[in-house]
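Remarks on the structure that follows.
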Amino acid sequence: MGAFLALGLFQGAVYGLLAVGIVLVYKAKRVFNFAQGEFGGVAAFTAFAIVVGAGLPYWVGVVGGLAAAVAMGLIVERVIVRPLESSSRTIMLVALVGVALFTIAIIVLVGQPIPRVMPPLITGQGVNILGAGILPQQLIIMAVLAVLAAAMAWFFKTDTGLAVLASSQDTRAAQVVGISPVAVSRLVWGMAALLGGIAGLLYAPVGIFTPGFMTLTMLVPAFAAAVLGGMTSLPGAFIGGLAIGVVQNLGIYYLGQQLKVPGAAELGVFALLMLVLLIRPQGLLGKEA
0 MGAFLALGLF
10 QGAVYGLLAV
20 GIVLVYKAKR
30 VFNFAQGEFG
40 GVAAFTAFAI
50 VVGAGLPYWV
60 GVVGGLAAAV
70 AMGLIVERVI
80 VRPLESSSRT
90 IMLVALVGVA
100 LFTIAIIVLV
110 GQPIPRVMPP
120 LITGQGVNIL
130 GAGILPQQLI
140 IMAVLAVLAA
150 AMAWFFKTDT
160 GLAVLASSQD
170 TRAAQVVGIS
180 PVAVSRLVWG
190 MAALLGGIAG
200 LLYAPVGIFT
210 PGFMTLTMLV
220 PAFAAAVLGG
230 MTSLPGAFIG
240 GLAIGVVQNL
250 GIYYLGQQLK
260 VPGAAELGVF
270 ALLMLVLLIR
280 PQGLLGKEA
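Going by numbering that gives the first Met the number 0, 170 is the number at position 171 of the sequence shown; the sequence numbering is gapless.
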């Protein structure tokens with residue numbers, strides 16, 4: 000069981016990174032960003048093309064991948080989000096789903112739908128944690144999660160962070176005191192894309208990745224993490240991600256291996272979500288409307 004617990008924590012860290020980007024956009028724009036996973040997909044495939052395809056240094060691939068993710072986020076904000084600002088949230092949601100599907104199609108056309116292996120940032124033997132062999136890349140994921148958690152906590156105490164929060168609460172009042180909603184929107188989408196890009200770059204070297212790997216395998220658990228932690232709470236998104244990862248893997252251990260129940264991971268997550276939302280509908284750290 001210890002091995003499944005350890006693996007769940009490291010997998011949950013990736014969910015947490017994606018969930019923070021989802022919550023960040025929701026706090027500012029009140030929309031569910033279904034394109035969040037593809038920020039990570041674009042970053043991973045760009046880095047792969049630079050490091051493996053062009054043979055350039057790893058750090059160039061990381062910078063190039065993050066730059067591509069942020070550029071995509073800013074393009075989505077300018078071309079999709081801002082023109083649909085006054086539309087219904089349903090239209091915005093459908094448009095963002097379309098962005099994710101369009102991005103996957105472009106990656107398939109450009110890179111072909113074949114499995115790829117991204118070299119890890121650090122090579123070497125893994126370490127044994129609770130009976131699980133943890134790769135150095137997975138340790139990096141946890142370290143980055145901790146650093147980003149501290150960085151986000153600091154950011155929202157700065158003037159810029161407070162401006163983002165003020166704009167999300169009342170856009171007109173924020174404009175009156177000189178806060179530009181356009182600048183806030185760009186910043187939020189750029190930050191969300193950066194977080195998604197970091198998640199993609201950290202997760203891709205753990206195994207084999209294909210076009211749409213972040214959306215198909217990571218986005219739904221990340222949304223579950225955001226809901227579990229509270230859609231208005233960034234710390235809740237981190238905690239929710241770790242909780243979802245742990246529950247998934249414990250579900251595999253107890254329900255899948257012990258009781259032979261099909262869909263054990265999904266059943267465990269569903270049970271946890273229902274329990275939390277019945278007791279505390281706003282999520283673990285969310286606030287009531």
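Ideal Cβ placement from N, Cα and C applies to all residues, glycine included.
By the neighbour-count criterion, in which a residue is buried when 16 or more other Cβ atoms sit within 10 angstroms of its Cβ, Ser-85 is exposed. Put simply, of Gly-235, Leu-241, Gly-255 and Gly-72 the residue whose alpha carbon is nearest the alpha carbon of Gln-281 is Gly-235. Between Tyr-252 and Ala-2, the alpha-carbon positions lie close to 10 angstroms from each other.
Across the structure, Ala-53 and Phe-47 are spaced so that their CA atoms are roughly 9 angstroms apart.
For Val-183, the enclosing alpha helix (DSSP H) stretches over residues 180-202.
Nearest C-alpha to Leu-193 among Val-61, Phe-31, Ala-5 and Phe-9: Val-61. Each residue's CA atom was taken as its position, placing Val-116 and Gln-137 some 15 angstroms apart.
Within the DSSP secondary-structure output, Arg-115 pairs in a beta bridge with Phe-208.
Taking C-beta atoms as the reference points, Ala-172 and Ala-99 fail to come closer than 8 angstroms. The region 186-205 makes contact with the region 9-28; the number of CB pairs closer than 8 angstroms reaches 3 or more.
In the structure shown, the three-state DSSP call for Gly-282 is coil.
Between Val-275 and Ala-223, the C-beta spacing is not below 8 angstroms.
Under the DSSP assignment, Ile-103 falls in the alpha helix (DSSP H) whose first and last residues are 88-110. The beta carbon of Val-226 is closer than 7 angstroms to those of Leu-272 and Gly-282 in its chain, skipping five residues each way along the sequence. Rounded to whole angstroms, Ala-264 and Leu-161 show a C-alpha spacing of 38 angstroms. Each of Leu-249, Val-41, Gly-239 and Phe-101 was checked against the Cα of Gly-285, and the nearest Cα belongs to Gly-239. Contact between Leu-6 and Asn-248 is confirmed by a C-beta separation of about 5 angstroms, below the 8 angstroms threshold. For Ala-34, there is no enclosing alpha helix (DSSP H), since its DSSP letter is neither H nor E.
For Val-96, the CB contacts under 7 angstroms within the same chain, skipping 5 residues up- and downstream, are Phe-33 in chain order. Less than 8 angstroms separates the beta-carbon of Val-30 from that of Leu-92. Ranked by Cα distance from Met-230, the options Arg-279, Arg-185, Leu-200 and Val-126 are led by Arg-279.
Within the DSSP secondary-structure output, Val-126 pairs in a beta bridge with Ile-133.
In this structure, Leu-73 keeps its C-beta atom at 8 angstroms or more from the C-beta atom of Ala-42. Between the C-alpha atoms of Val-24 and Val-181 there is a straight-line separation of about 14 angstroms.
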